[in-house]
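Quick note on full-length UniProt numbering: the sequence shown kicks off at 1 and runs consecutively. A virtual CB, placed ideally from N, CA and C, is assigned to each residue, including glycine.
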Amino acid sequence: METSIWEDISQQFQHLHPDDLKFTSLIRWKEGRENPTFQDILDALGKCNLGIPDDILTQVPPTTTLQCIANHIGNSSMQLGVELGLTMSEIQNIQYEHKDKLLNQTKEILRIWQQKKAPRSTNLSLIKALHRIGKINCISMIR
Numbered sequence: 001m002e003t004s005i006w007e008d009i010s011q012q013f014q015h016l017h018p019d020d021l022k023f024t025s026l027i028r029w030k031e032g033r034e035n036p037t038f039q040d041i042l043d044a045l046g047k048c049n050l051g052i053p054d055d056i057l058t059q060v061p062p063t064t065t066l067q068c069i070a071n072h073i074g075n076s077s078m079q080l081g082v083e084l085g086l087t088m089s090e091i092q093n094i095q096y097e098h099k100d101k102l103l104n105q106t107k108e109i110l111r112i113w114q115q116k117k118a119p120r121s122t123n124l125s126l127i128k129a130l131h132r133i134g135k136i137n138c139i140s141m142i143r
């Protein structure tokens with residue numbers, strides 16, 4: 001698949017879940033082939049650079065990324081805190097300090113995780129936690 005085709009599809013269907021976007025891309029790609037094999041698909045996906053590079057996965061996410069992600073967590077902040085390895089007392093303390101502000105709870109959970117859990121507070125561990133709480137759509141913010 002040519003990179004320009006991927007970019008066109010990404011722009012046209014930006015509202016789709018990332019997995020749906022990839023599936024749509026594969027359908028478009030397949031339509032232009034006569035007998036595609038799995039190796040052809042693997043080669044085409046490799047050219048599109050759909051994944052997150054390894055060096056990004058091992059980095060600590062910047063504060064700006066965490067703040068952006070916090071806006072999309074909703075009422076799953078407690079689950080996120082548990083998945084990121086915060087203790088229940090830490091989570092309860094955050095909930096008490098920010099009773100009426102769910103967004104502030106999430107921001108504080110991410111801040112504490114980033115500071116206290118270093119060097120394990122990597123993009124990879126954040127992605128795993130987001131996946132486990134069903135917020136996989138936030139992964140696109142990690143770059």
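Residue span of the alpha helix (DSSP H) that contains residue i, given as start and end
i      : result
Asp54  : 54-57
Arg132 : 123-132
Asn93  : 88-97
Val82  : 77-83
Cys138 : No alpha helix (DSSP H) holds Cys138; DSSP gives it neither H nor E.
Thr64  : 63-70
Per-residue DSSP class, three states only, for residue i
i      : result
Lys116 : helix
Lys107 : helix
Phe23  : helix
Ile9   : helix
Glu34  : coil
Beta-carbon proximity of residue i to residue j, cut-off 7 Å
i      : j      : result
Asn123 : Ile142 : yes
Thr24  : Phe38  : no
Leu130 : Pro61  : no
Beta-carbon contacts of residue i that lie in its chain and below 6 Å, excluding the five residues immediately before and after
i     : result
Gly81 : Ile91, Ile109
CB contact check: residue i to chain B, cutoff 7 Å
i      : result
Arg143 : The structure shown has no chain B; it contains just one protein chain.
Residues near residue i by beta carbon distance below 7 Å, same chain, minus five either side
i     : result
Gln79 : Ile133
Asp40 : Arg33
Chain-order list of residues whose beta-carbon lies under 8 Å from that of residue i (same chain, five-residue window excluded)
i      : result
Pro36  : Trp29, Lys30
His98  : Asn104, Gln105, Glu108
Ala118 : Val60
Arg111 : Thr63, Leu66
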